[in-house]
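Comments concern the structure below.
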Amino acid sequence: MSYCVNCGVELAASERRCPLCGVEVINPREPFDENGERPFPNDIEKVRHRLVRVTAARVFSLLLAIPLVSILLVDLISDGALTWSLIPTAAIVYAFLAVVLPCLFKRPIVWLFMLLGVAETVLFLFVLNVILGGDWLWLFALPITLLTGAAVIGGYLMLRSRRASLTLKIVVLLLMIAVSLIILQMLIEIHLHGAIRFDWSVYAAIPCGMLSLVALIIGRLVRKSESFRKKMFF
Ligand SMILES: [Zn+2]
């Protein structure tokens with residue numbers, strides 16, 4: 014057992030320097046031992062990350078539990094049964110699933126959590142539909158949720174892809190936005206007016222199409238000049 018000559022802190026054999034003041038450890042009777050017991054865990058960063066994640070999950074759970082309990086109590090006392098409180102309860106459960114669940118994973122797989130988010134949203138909408146009634150879910154909210162989810166997850170996976178070139182990524186992304194907007198307007202029009210009509214979505218889709226064409230042309234030019242440069246060795 015050694016002690017720091019400067020500050021007196023107790024030192025393990027696996028320490029070259031005092032962890033508190035940084036003074037070099039020299040003890041001829043107990044030389045430095047690489048495999049000696051470490052005073053701190055080796056994976057201190059991992060431990061710290063875990064602590065932050067778990068603390069965040071706990072704090073957020075508590076922050077959600079307070080309004081949840083208050084809402085349920087107020088509803089029970091005022092109405093004698095759970096009525097309107099079911100809607101905020103569904104919202105709180107939704108927030109819990111969306112925020113706390115990812116906190117509990119060491120390295121969340123982003124696309125999987127996006128997928129989970131879509132599933133949670135669908136579940137939340139379904140619960141709302143059961144409470145509120147009406148036919149807005151199946152023809153309107155559900156298709157829009159699935160469309161948005163598919164666009165976001167597809168866009169994310171494509172942007173991350175290593176095989177696709179930048180040009181291809183830009184073109185696909187722009188076309189995806191254009192198609193999504195057109196489908197979105199279709200769904201809205203059917204829901205509100207009972208008929209399909211396109212105006213604003215087409216106005217937005219046209220520049221997307223033109224931009225993707227520009228991206229394709231630029232990409233082709235860049236590739237041509239690259240191959241020319243390689244051929245001419247400069
Ligand atoms: Zn010291």
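With positions in the sequence shown counted from 1, the corresponding number in the working numbering is that position plus 13.
For every residue, glycine included, the Cβ atom is placed at its ideal position computed from N, Cα and C.
*For the alpha helix (DSSP H) holding Ile-105, just list the boundary residues, first then last.*
Taking the sequence shown and counting its residues from 1, one reaches residue 105 at position 92. Ile-105 -> alpha helix (DSSP H) spans 99-116.
*What is the C-beta distance between Leu-188 and Ser-214, in whole angstroms, given that I count them as a contact (C-beta under 8 Å)?*
The sequence position of residue 188 within the sequence shown is 175, counting from 1. The sequence position of residue 214 within the sequence shown is 201, counting from 1. The pair is not a contact, with the Cβ atoms about 13 Å apart (cut-off 8 Å).
*Three-state secondary structure (DSSP) at Arg-30?*
Your numbering for residue 30 matches position 17 in the sequence shown. Reduced to three states, the DSSP call for Arg-30 is strand.
*What do you reckon, are the CB atoms on Ala-25 and Glu-50 nearer than 9 Å?*
Against the sequence shown, residue 25 aligns to sequence position 12. Against the sequence shown, residue 50 aligns to sequence position 37. Contact: yes.
_Span separating the alpha-carbon of Met-223 from that of Arg-120_ = As a working note, residue 223 is residue 210 in the sequence shown. As a working note, residue 120 is residue 107 in the sequence shown. Roughly 39 Å between the two C-alpha positions.
*Helix or strand or just coil, what does DSSP make of Leu-95?*
Position 82 of the sequence shown holds residue 95. Coil.
_To the nearest angstrom, how far is the alpha carbon of Leu-197 from that of Pro-156?_
Here the question's residue 197 lines up with position 184 in the sequence shown. Here the question's residue 156 lines up with position 143 in the sequence shown. The alpha-carbon atoms of Leu-197 and Pro-156 are separated by roughly 9 Å.
*Rounded to whole angstroms, what's the CA-CA distance from Ser-238 to Phe-246? Just pull it up for me.*
For this step, residue 238 is matched to residue 225 along the sequence shown. For this step, residue 246 is matched to residue 233 along the sequence shown. Distance between the alpha carbons of Ser-238 and Phe-246 is about 12 Å.
*Which of the three DSSP states, helix, strand or coil, is assigned to Phe-58?*
For this step, residue 58 is matched to residue 45 along the sequence shown. First, the amino acid is wrong: residue 58 is Glu here, not Phe. In this structure, Glu-58 counts as helix in the three-state DSSP scheme.
_Quick test of your reading: Ala-218 and Ile-195, contact by CB under 8 Å. State the CB separation rounded to the nearest angstrom._
Indexing the sequence shown from 1 puts residue 218 at position 205. Indexing the sequence shown from 1 puts residue 195 at position 182. That pair is a contact at about 6 Å.
*Assuming Ile-57 contacts Ile-100 (C-beta within less than 8 Å), just tell me the rounded distance between them.*
Indexing the sequence shown from 1 puts residue 57 at position 44. Indexing the sequence shown from 1 puts residue 100 at position 87. With 8 Å as the limit, Ile-57 and Ile-100 do not qualify as a contact, their Cβ atoms being about 45 Å apart.
*Tell me the start and end of each unbroken alpha helix (DSSP H) in the region 116-156 that is at least 4 residues and wholly inside, in chain order.*
123-145
*Confirm the yes/no value for this check: CB of Asn-40, any heavy atom of ligand 1, distance under 8 Å.*
Walking along the sequence shown from the start, residue 40 turns up at place 27. Every heavy atom of ligand 1 is 8 Å or more from the Cβ of Asn-40, so no.
_Buried versus exposed call for Glu-28 [16 or more other C-beta atoms within 10 Å across all chains shown]_ = Within the sequence shown, the letter at position 15 stands for residue 28. Flag for Glu-28 reads buried.
_I want to know whether the region 102-122 touches the region 61-78 - three or more CB-CB distances under 8 Å._
yes
_With H, G and I counted as helix, E and B as strand and the rest as coil, what does DSSP make of Glu-37?_
In the sequence shown, residue 37 corresponds to position 24, counting from 1. Strand, per DSSP.
*Among Leu-76, Arg-30 and Leu-160, the one whose alpha carbon lies nearest that of Glu-47*: For the purposes of this step, residue 47 is taken as the residue at position 34 of the sequence shown. Glu-47 has its Cα closest to that of Arg-30, out of Leu-76, Arg-30 and Leu-160.
*Would you kindly work out how many angstroms separate the C-alpha atoms of Phe-137 and Phe-118, rounded to a whole number?*
Counting from one through the sequence shown, the residue named residue 137 turns up at place 124. Counting from one through the sequence shown, the residue named residue 118 turns up at place 105. Looking at the two C-alpha atoms, the distance is approximately 22 Å.
*Measure the Cβ-Cβ separation of Ser-193 and Leu-160 and say whether it is below 9 Å.*
If you number the sequence shown from 1, residue 193 lands on position 180. If you number the sequence shown from 1, residue 160 lands on position 147. A contact, by the Cβ cut-off of 9 Å.
*Which listed residue (Ile-209, Phe-45, Ile-166 and Lys-182) has its alpha carbon closest to that of Trp-124*: The residue you call residue 124 lines up with position 111 of the sequence shown. Ranking Ile-209, Phe-45, Ile-166 and Lys-182 by Cα distance to Trp-124 puts Ile-166 first.
_Pocket of ligand 1 defined by Cβ to heavy atom distance under 6 Å_ = Cys-17, Asn-19, Cys-20, Val-22, Cys-31, Leu-33, Cys-34 and Val-36
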